[in-house]
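Undergrad:
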Amino acid sequence: MSELNAYLDGELCGTFTEKNGQITFSYSEEYEGQVHLFLSMLERNKVHKNKVALPFLKGLLPDNTQAISNMAREAGISAGSVFSLLGHYGQDVAGALQLLPPGTPSSDANRQKISSQHLLDEASFENLLHESRNFYRQNTRVLSDEGSAGRG
-1 MSELNAYLDG ELCGTFTEKN GQITFSYSEE YEGQVHLFLS MLERNKVHKN KVALPFLKGL
59 LPDNTQAISN MAREAGISAG SVFSLLGHYG QDVAGALQLL PPGTPSSDAN RQKISSQHLL
119 DEASFENLLH ESRNFYRQNT RVLSDEGSAG RG
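Numbering follows our numbering, with no gaps: position 54 of the sequence shown is 52.
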(Lines of atoms letter the chains of each structure in order from A and count residues from 1; the text may use other names and numbers.)
(Lines give C-alpha, C1' and ligand atoms only; values in the text may rest on other atoms or scores of the structure.)
Protein backbone atom coordinates (compact mmCIF):
# COMPACT_ATOMS: atom_id res chain seq x y z
CA MET A 1 0.00 0.00 0.00
CA SER A 2 1.29 3.47 -0.92
CA GLU A 3 0.07 6.87 0.20
CA LEU A 4 0.37 10.45 -1.00
CA ASN A 5 -0.78 13.30 1.19
CA ALA A 6 -2.59 16.08 -0.65
CA TYR A 7 -1.79 19.62 0.45
CA LEU A 8 -3.75 22.62 -0.76
CA ASP A 9 -1.92 25.90 -0.16
CA GLY A 10 0.24 24.10 2.39
CA GLU A 11 -2.69 22.67 4.36
CA LEU A 12 -3.16 18.90 4.53
CA CYS A 13 -6.54 18.26 2.94
CA GLY A 14 -6.49 14.50 2.47
CA THR A 15 -4.71 11.33 1.42
CA PHE A 16 -4.60 9.31 -1.79
CA THR A 17 -3.98 5.61 -1.19
CA GLU A 18 -3.01 2.98 -3.76
CA LYS A 19 -3.64 -0.64 -2.85
CA ASN A 20 -3.66 -3.51 -5.35
CA GLY A 21 -3.80 -1.05 -8.26
CA GLN A 22 -6.85 0.76 -6.88
CA ILE A 23 -6.63 4.40 -5.80
CA THR A 24 -8.85 6.00 -3.17
CA PHE A 25 -9.01 9.47 -1.65
CA SER A 26 -10.20 10.56 1.79
CA TYR A 27 -10.34 14.10 3.13
CA SER A 28 -8.43 14.70 6.35
CA GLU A 29 -10.61 15.13 9.44
CA GLU A 30 -8.64 18.27 10.31
CA TYR A 31 -9.14 19.92 6.90
CA GLU A 32 -11.27 22.98 7.34
CA GLY A 33 -10.71 24.58 3.94
CA GLN A 34 -13.71 25.45 1.85
CA VAL A 35 -12.09 24.31 -1.37
CA HIS A 36 -12.80 20.80 -2.62
CA LEU A 37 -10.16 19.10 -4.74
CA PHE A 38 -12.57 17.94 -7.42
CA LEU A 39 -16.27 18.42 -8.11
CA SER A 40 -16.70 14.66 -8.05
CA MET A 41 -15.13 14.52 -4.58
CA LEU A 42 -17.36 16.88 -2.61
CA GLU A 43 -18.34 14.63 0.28
CA ARG A 44 -15.81 14.94 3.08
CA ASN A 45 -16.84 11.94 5.18
CA LYS A 46 -16.56 9.45 2.34
CA VAL A 47 -13.79 7.35 0.80
CA HIS A 48 -13.71 8.30 -2.88
CA LYS A 49 -12.98 5.23 -4.99
CA ASN A 50 -10.75 4.61 -8.01
CA LYS A 51 -13.51 5.61 -10.46
CA VAL A 52 -13.24 9.20 -9.21
CA ALA A 53 -9.72 9.40 -7.73
CA LEU A 54 -7.80 8.04 -10.74
CA PRO A 55 -9.21 10.51 -13.31
CA PHE A 56 -8.42 13.36 -10.94
CA LEU A 57 -4.80 12.23 -10.61
CA LYS A 58 -4.46 11.63 -14.37
CA GLY A 59 -5.60 15.21 -14.91
CA LEU A 60 -2.56 16.46 -13.00
CA LEU A 61 -0.17 14.91 -15.53
CA PRO A 62 0.59 16.20 -19.04
CA ASP A 63 -1.77 15.15 -21.84
CA ASN A 64 1.19 14.32 -24.07
CA THR A 65 2.17 10.64 -23.86
CA GLN A 66 5.73 11.40 -24.97
CA ALA A 67 6.10 13.90 -22.12
CA ILE A 68 4.87 11.27 -19.66
CA SER A 69 7.29 8.71 -21.12
CA ASN A 70 10.16 11.17 -20.74
CA MET A 71 9.18 11.94 -17.14
CA ALA A 72 8.96 8.23 -16.31
CA ARG A 73 12.31 7.45 -17.92
CA GLU A 74 13.97 10.28 -16.01
CA ALA A 75 12.47 9.06 -12.73
CA GLY A 76 13.16 5.39 -13.47
CA ILE A 77 9.52 4.37 -13.09
CA SER A 78 6.75 3.01 -15.30
CA ALA A 79 4.94 5.50 -17.52
CA GLY A 80 1.73 3.59 -16.80
CA SER A 81 1.85 4.20 -13.06
CA VAL A 82 0.04 7.47 -12.41
CA PHE A 83 0.55 7.06 -8.66
CA SER A 84 4.32 6.51 -8.99
CA LEU A 85 4.69 9.46 -11.36
CA LEU A 86 2.89 11.74 -8.93
CA GLY A 87 4.88 10.28 -6.06
CA HIS A 88 7.97 11.55 -7.86
CA TYR A 89 6.66 14.81 -9.38
CA GLY A 90 3.78 15.63 -7.01
CA GLN A 91 5.54 18.48 -5.26
CA ASP A 92 5.04 20.61 -8.35
CA VAL A 93 1.69 19.87 -9.99
CA ALA A 94 -0.77 22.38 -11.41
CA GLY A 95 -2.40 24.90 -9.13
CA ALA A 96 -1.93 25.14 -5.38
CA LEU A 97 -1.87 21.37 -4.89
CA GLN A 98 1.08 19.28 -3.73
CA LEU A 99 1.12 15.47 -3.47
CA LEU A 100 3.79 14.28 -1.05
CA PRO A 101 4.77 11.04 0.68
CA PRO A 102 3.80 10.81 4.35
CA GLY A 103 6.34 12.58 6.54
CA THR A 104 7.31 15.09 3.83
CA PRO A 105 6.19 18.60 4.80
CA SER A 106 4.62 20.91 2.24
CA SER A 107 6.96 23.64 1.05
CA ASP A 108 3.89 25.85 0.61
CA ALA A 109 3.18 25.72 4.36
CA ASN A 110 6.03 28.15 5.05
CA ARG A 111 4.94 30.77 2.54
CA GLN A 112 3.39 33.97 3.74
CA LYS A 113 -0.25 34.49 2.99
CA ILE A 114 -0.83 37.33 0.55
CA SER A 115 -2.80 39.26 3.14
CA SER A 116 0.24 39.34 5.47
CA GLN A 117 2.74 40.48 2.84
CA HIS A 118 3.86 44.06 2.36
CA LEU A 119 2.01 45.63 -0.57
CA LEU A 120 3.79 47.99 -2.94
CA ASP A 121 2.54 51.51 -3.37
CA GLU A 122 2.37 52.96 -6.88
CA ALA A 123 5.74 54.74 -6.69
CA SER A 124 7.52 51.60 -5.44
CA PHE A 125 5.92 49.53 -8.18
CA GLU A 126 7.01 52.02 -10.86
CA ASN A 127 10.55 51.99 -9.47
CA LEU A 128 10.66 48.19 -9.48
CA LEU A 129 9.37 48.11 -13.06
CA HIS A 130 11.98 50.69 -14.13
CA GLU A 131 14.78 48.65 -12.49
CA SER A 132 13.54 45.47 -14.19
CA ARG A 133 13.52 47.12 -17.61
CA ASN A 134 17.04 48.45 -17.11
CA PHE A 135 18.28 45.05 -15.98
CA TYR A 136 16.67 43.40 -19.02
CA ARG A 137 18.19 45.94 -21.43
CA GLN A 138 21.65 45.54 -19.91
CA ASN A 139 21.55 41.75 -19.99
CA THR A 140 19.92 41.13 -23.36
CA ARG A 141 21.92 41.14 -26.57
CA VAL A 142 20.16 42.13 -29.76
CA LEU A 143 21.69 41.40 -33.16
CA SER A 144 22.35 44.56 -35.10
CA ASP A 145 21.64 44.83 -38.82
CA GLU A 146 25.38 44.46 -39.47
CA GLY A 147 25.64 41.33 -37.34
CA SER A 148 22.85 39.56 -39.19
CA ALA A 149 23.79 40.75 -42.71
CA GLY A 150 26.37 38.02 -43.26
CA ARG A 151 23.90 35.21 -42.60
CA GLY A 152 21.84 33.40 -45.09
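Ideal Cβ positions, reconstructed from N, Cα and C, are used throughout, including at glycine.
So, at 8 Å on beta carbons, what are the nonlocal neighbours of D90 in its own chain, with the 5 sequence-adjacent residues on each side left out?
TA: The count along the sequence shown starts at 1 and reaches residue 90 at position 92. So the qualifying residues of the chain are Q96.
Undergrad: Taking buried to mean at least 16 other C-beta atoms within 10 Å of its own C-beta, is A4 buried or exposed?
TA: Within the sequence shown, residue 4 is the residue found at index 6, counting from 1. Label assigned to A4: buried.
Undergrad: Bridge partners for L2 per DSSP, in chain order?
TA: If you number the sequence shown from 1, residue 2 lands on position 4. In the DSSP assignment, L2 is bridged to F14.
Undergrad: To which residues does DSSP link I21 through a beta bridge?
TA: Locating residue 21 in the sequence shown gives position 23, counting from the first residue. Answer is E16, bridged to I21.
Undergrad: State the start and end residues of the unbroken beta strand (DSSP E) segment that holds Q96.
TA: Working through the sequence shown from its first residue, we reach residue 96 at position 98. First-last of the beta strand (DSSP E) with Q96: L95 to L98.
Undergrad: Between the C-alpha atoms of T102 and N132, what's the straight-line distance to the nearest angstrom?
TA: Numbered from 1 along the sequence shown, position 104 holds the residue referred to as residue 102. Numbered from 1 along the sequence shown, position 134 holds the residue referred to as residue 132. Distance between the alpha carbons of T102 and N132 is about 41 Å.
Undergrad: In chain order, what residues of the same chain lie with their CB nearer than 7 Å to the CB of G88, ignoring the 5 residues before and after it?
TA: On the sequence shown, residue 88 is found 90 positions in, with the first residue counted as 1. A distance below 7 Å between beta-carbons, with the five flanking residues on each side excluded, links G88 to the following residues of its chain, in chain order: L2, Q96, L97 and L98.
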